[in-house]
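*Asks:* Structure incoming, see below.
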Amino acid sequence: MSRIPIPRRTFMATGTAALMTTGTGLMSPVRAQGLAPTTTMRGGANNYRPGAPIVDRIGGGGFMMSGTVRRAGDGAPLAGIRIQIWAHTTEGRERDTRSHGATLTNADGVFQLEMPQIVPTFGQPHGHLAYDSGDFQTVFLRPVMANSRDTSLSAHFVLQPA
1 MSRIPIPRRT FMATGTAALM TTGTGLMSPV RAQGLAPTTT MRGGANNYRP GAPIVDRIGG
61 GGFMMSGTVR RAGDGAPLAG IRIQIWAHTT EGRERDTRSH GATLTNADGV FQLEMPQIVP
121 TFGQPHGHLA YDSGDFQTVF LRPVMANSRD TSLSAHFVLQ PA
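Going by our numbering, the letters in the sequence shown line up with residues 1 to 162, in that order.
Next comes the structure, spelled out in structure tokens:
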């Protein structure tokens with residue numbers, strides 16, 4: 001094995017820089033900027049229908065979609081935020097109007113909406129969630145279930161003001 005010599009000055013400068021940035025937390029975006037915003041996931045907007053109604057439940061229920069919504073930067077929970085949810089379920093396809101619904105976050109920034117069991121489509125059991133109300137940047141999520149027999153799925157939003 002060949003060895004590449006590193007000049008002492010380079011070694012010391014690199015080591016000192018690494019120690020200073022990790023010790024002060026400068027390498028952590030969470031510490032440097034606060035809580036980073038959620039970015040849209042690939043495929044998250046598939047079969048999106050703007051303006052889905054706020055509902056108590058989608059279809060017959062039996063599966064729970066839940067999560068939280070917080071503000072980027074300080075991480076404060078956001079109350080009254082509209083989250084749209086849709087999926088391919090035992091009662092309908094993603095593109096079907098009856099498979100779409102919306103809910104609002106509570107005072108702690110928590111949302112939940114009961115819906116029919118999600119079933120695999122394109123090989124993966126997954127849901128779709130969207131924040132699209134205008135006060136913050138639009139975000140689409142597409143979380144994948146670990147197992148198609150799971151009866152719940154959660155997704156978390158960190159929203160950046162528009």
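Just so you know, even glycine gets a beta-carbon here, dropped at the ideal spot from N, CA and C.
On a predicted model such as this, the values are computed, not experimentally measured, just so you know.
1. Tell me whether the beta-carbon of HIS126 lies closer than 7 Å to the beta-carbon of ARG142.
2. Pick out whichever of HIS100, TYR48, LEU104 and ALA52 has its Cα sitting closest to the Cα of ILE81.
3. With a threshold of 6 Å on Cβ separation, who are the neighbours of VAL110 within its own chain once the five nearest residues in sequence on each side are excluded?
4. Put THR97 into one of helix, strand or coil per three-state DSSP.
5. Within 10 angstroms of its Cβ, does ARG31 collect 16 or more other Cβ (buried), or is it exposed?
6. Helix, strand or coil, according to DSSP, for PHE88 in the structure here?
7. Buried or exposed for ARG216, please, with buried defined as at least 16 other CB atoms from any protein chain shown within 10 angstroms of its CB.
8. Helix, strand or coil for VAL55 per DSSP?
9. Do HIS88 and THR40 have their C-beta atoms within less than 7 Å of each other?
10. Decide if SER148 is buried, meaning its Cβ has at least 16 other Cβ atoms within 10 Å, or exposed.
11. Could you check which residue in ASP132, MET115, PRO161 and LEU153 has the C-alpha nearest to that of GLY62?
12. With H, G and I counted as helix, E and B as strand and the rest as coil, what does DSSP make of SER148?
13. For ILE118, is the classification buried or exposed, using 16 other Cβ atoms within 10 angstroms of its Cβ as the cut-off for buried?
14. Can you give the Cα-Cα distance for LEU159 and ASN46, rounded to whole angstroms?
*Replies:* Taking the definition as stated:
1. What you label residue 126 is simply residue 126 of the sequence shown in a count that begins at 1. What you label residue 142 is simply residue 142 of the sequence shown in a count that begins at 1. In this structure, the beta-carbon distance from HIS126 to ARG142 falls below 7 Å.
2. As a first step, residue 81 must be located in the sequence shown, where it is residue number 81. Relative to ILE81, the option among HIS100, TYR48, LEU104 and ALA52 whose CA is nearest is LEU104.
3. Here residue 110 is taken as the residue at index 110 of the sequence shown, counted from 1. These residues qualify, in order along the chain: THR68.
4. If you number the sequence shown from 1, residue 97 lands on position 97. THR97 falls in the helix class under three-state DSSP.
5. Taking the first residue of the sequence shown as position 1, residue 31 is located at position 31. The pLDDT assigned to ARG31 is 45, lower than 50, so where the model puts this residue is not dependable; a value taken from the coordinates is nonetheless given after this. Around the beta-carbon of ARG31, fewer than 16 other beta-carbon atoms lie within 10 Å, marking it exposed.
6. Translated into positions along the sequence shown, residue 88 becomes position 88. The amino acid occupying residue 88 in the given sequence is His; Phe does not appear at that position. Reduced to three states, the DSSP call for HIS88 is coil.
7. The structure shown does not extend to residue 216, since the chain is modelled only from 1 through 162, so no value can be given for it.
8. Walking along the sequence shown from the start, residue 55 turns up at place 55. Residue state, collapsed to three classes: coil.
9. The residue labelled residue 88 in the question sits at position 88 within the sequence shown. The residue labelled residue 40 in the question sits at position 40 within the sequence shown. Contact annotation: HIS88 and THR40 have beta-carbon atoms that are not nearer than 7 Å.
10. Counting from 1 along the sequence shown, the entry for residue 148 is found at position 148. Looking at its Cβ environment, which holds fewer than 16 other Cβ atoms inside 10 Å, SER148 is exposed.
11. Numbered from its first residue, the sequence shown carries residue 62 at position 62. Ranking ASP132, MET115, PRO161 and LEU153 by Cα distance to GLY62 puts MET115 first.
12. Position 148 of the sequence shown holds residue 148. It is coil, neither helix nor strand.
13. Sequence index remark: in the sequence shown, residue 118 carries index 118 (1-based). With 16 or more neighbouring CB atoms inside 10 Å of its own CB, ILE118 falls in the buried class.
14. On the sequence shown, position 159 is the one that residue 159 refers to. On the sequence shown, position 46 is the one that residue 46 refers to. Taking the straight line joining both Cα atoms gives about 20 Å.
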